[in-house]
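Student: Numbering (this note's numbering), first residue to last: 5 to 143. Quick reminder that beta carbons are idealized off the backbone N, C-alpha and C, glycines included. Here's a structure for you.
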């Protein structure tokens, strides 16, 4: 499953894999879209990415697994449930020979969406008072 070309879209990315992997990737994509319907789809680092007030999650297919990248906070918050999978600080590997835990993935995506939204709200609320304290002079 070597990726040989630069993909232009998530559809393009998924289409380069064998049919059984395409099915898994399509279901993963649907799961993420249902969990975060407002999220924007894009490619980042040549991986399917969903963004909402910043990147939420990335995913990628490899020879024997699907890599899922929900940032370190997404891994830490679900560490016990993810403990049966290989992973690292901000990623987890779901083996291709076992069903993906779509319900868990959905909960992780919802967690990340709430986390990004809260972070965004904090940033925007910090900016608002500055704008109010320096009103524009009307002409």
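Going by DSSP, what residue range makes up the alpha helix (DSSP H) through residue 29?
Tutor: Here residue 29 is taken as the residue at index 25 of the chain shown, counted from 1. Start and end: 23-39.
Student: Have a look at residue 51 and residue 121 and give me their C-alpha separation to the nearest angstrom.
Tutor: Here residue 51 refers to the residue found at position 47 of the chain shown. Here residue 121 refers to the residue found at position 117 of the chain shown. So the two alpha carbons sit approximately 22 Å from each other.
Student: Excluding the 5 residues preceding and the 5 following residue 64 in the sequence, name in chain order all residues of the same chain whose CB lies nearer than 6 Å to its CB.
Tutor: Here residue 64 corresponds to residue number 60 of the chain shown, with the count starting at 1. 51, 71.
Student: Taking 8 Å as the cut-off, does the region 34-42 touch the region 8-17 (at least 3 CB pairs, one atom from each stretch)?
Tutor: no
Student: Output the residue ranges of the beta strand (DSSP E) runs that lie fully inside the region 44-79 and measure 3 residues or longer, sorted by chain position.
Tutor: Counting whole runs of 3 or more residues, the region 44-79 contains the beta strand (DSSP E) stretches 44-48, 51-55, 59-65, 69-73.
Student: From 22, 116, 123, pick the residue whose C-alpha is nearest to that of residue 68; which is it?
Tutor: As a position in the chain shown, residue 68 is number 64, starting the count at 1. Ranking the options by Cα distance to residue 68, first place goes to 22.
Student: To the nearest angstrom, how far is the alpha carbon of residue 45 from that of residue 54?
Tutor: For the purposes of this step, residue 45 is identified with residue 41 of the chain shown, where counting begins at 1. For the purposes of this step, residue 54 is identified with residue 50 of the chain shown, where counting begins at 1. Near 5 Å, if we compare the C-alpha coordinates of residue 54 and residue 45.
Student: At the level of alpha carbons, what is the spacing between residue 125 and residue 109?
Tutor: Numbered from 1 along the chain shown, position 121 holds the residue referred to as residue 125. Numbered from 1 along the chain shown, position 105 holds the residue referred to as residue 109. So the alpha carbons of these two residues sit roughly 24 Å apart.
Student: Give the single residue among 105, 106, 111 whose Cα lies nearest to the Cα of residue 77.
Tutor: The residue given as residue 77 occupies position 73 in the chain shown. The shortest C-alpha separation from residue 77 is found at 111.
Student: Are the beta-carbon atoms belonging to residue 117 and residue 60 less than 8 Å from one another?
Tutor: In the chain shown, counting from the first residue as 1, residue 117 sits at position 113. In the chain shown, counting from the first residue as 1, residue 60 sits at position 56. Yes, the Cβ-Cβ distance between residue 117 and residue 60 is below 8 Å.
Student: Counting along the chain, where does the alpha helix (DSSP H) carrying residue 95 start and finish?
Tutor: Here residue 95 corresponds to residue number 91 of the chain shown, with the count starting at 1. No alpha helix (DSSP H) contains residue 95, which is instead part of the beta strand (DSSP E) from 95-99.
Student: Relative to the C-alpha of residue 128, which candidate in 19, 34, 11, 57 has its C-alpha closest?
Tutor: The residue labelled residue 128 in the question sits at position 124 within the chain shown. The option with the nearest alpha carbon to residue 128 is 57.
Student: Roughly how many whole angstroms lie between the Cα atoms of residue 87 and residue 130?
Tutor: The residue given as residue 87 occupies position 83 in the chain shown. The residue given as residue 130 occupies position 126 in the chain shown. Going by the C-alpha atoms only, they are around 37 Å apart.
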